[in-house]
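Here's the structure we're looking at; comments come further down.
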Amino acid sequence: MTSRLAQPSDFDFIYDIYMDEEANPQLTFDPMGREAFKTIYDGLLQTHTLYVAEEDGERVGTYRLIPKQYRQAHILYLGSFGVQPTDKGKGYGYRILEEIKQRSKEQGFLRLELTVEVNNDRAIHVYQKAGFEMEGRIRKSSRLDSTGDYYDEYLMAILL
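All residue numbers for the sequence shown refer to the working numbering, where the first residue is 34 and numbers rise by one.
As structure tokens, this is what we get:
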């Protein structure tokens, strides 16, 4: 498993993950058309925090790694983690997490943290399998514009 920074040519791949009917409620952006997402995507590319995970040269997942600053500069935040819908259940999520952990440690980070919707049992299982521990519950942490519903998330982290 390897990862690289996302490129303009990855737009369709990442759009399909983010807008997948099953995955979308757990990811960052509400459902939207390609044109609306293109503006967001172009902005994400400029942050140099959006990655594509590949297995044997084939794209299988995406995520963001956002370094914190100042007194928390030893922490990386993992966000918008998703696997291509056709590849779910093949173990890619776990392997991507292992690659992220190894690379983060090599880069000198001491902690990797994320948030996950409390009802996202599949993701919680993969995170725990990869060694992440629950550190707390963040109430009404996020809102789905499409429904107006707020939901809680767990804060999970691993020390590297």
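Beta carbons: idealized from backbone N, C-alpha and C, even for Gly. Small disclaimer: the values here were computed from a predicted structure and weren't measured.
Reference residue i, options the options, closest by Cα
| i | options | result |
| --- | --- | --- |
| R65 | D182, M52 and A56 | The question names Arg, but residue 65 in the sequence shown is Met. Residue M52 is the option with its Cα nearest to M65. |
| K123 | V93, I171 and Q105 | V93 |
| Q105 | S113, S179, T148 and F142 | F142 |
| L98 | G169, L78 and E91 | L78 |
| L109 | E87, D120, I133 and T35 | I133 |
| L147 | G76, F114 and K138 | F114 |
| K138 | E54, G90 and H107 | H107 |
Distance between beta carbons of residue j and residue i, contact taken as under 8 Å
| i | j | result |
| --- | --- | --- |
| Y127 | A163 | 6 Å |
| R88 | M167 | Position check: residue 88 holds Glu in this sequence, whereas Arg was assumed. With a Cβ gap of about 28 Å, E88 and M167 do not count as contacting. |
Beta-carbon proximity check, residue i vs residue j, cutoff 8 Å
| i | j | result |
| --- | --- | --- |
| Y125 | L111 | no |
| L145 | L193 | yes |
| V149 | Y183 | no |
| Y74 | I47 | yes |
| R170 | V151 | yes |
| P100 | A56 | no |
DSSP bridge partner residues for residue i (one or two, in chain order)
| i | result |
| --- | --- |
| R172 | None, per the DSSP bridge assignment. |
| A190 | E146 and E166 |
### Message
Taking 8 Å as the cut-off, does the region 173-193 touch the region 61-73 (at least 3 CB pairs, one atom from each stretch)?
### Response
Taking a cut-off of 8 Å on C-beta distances, the region 61-73 touches the region 173-193, as three or more cross pairs fall below it.
### Task
Report yes or no: do three or more beta-carbon pairs, one from the region 76-94 and one from the region 39-51, lie closer than 8 Å?
Touching, yes.
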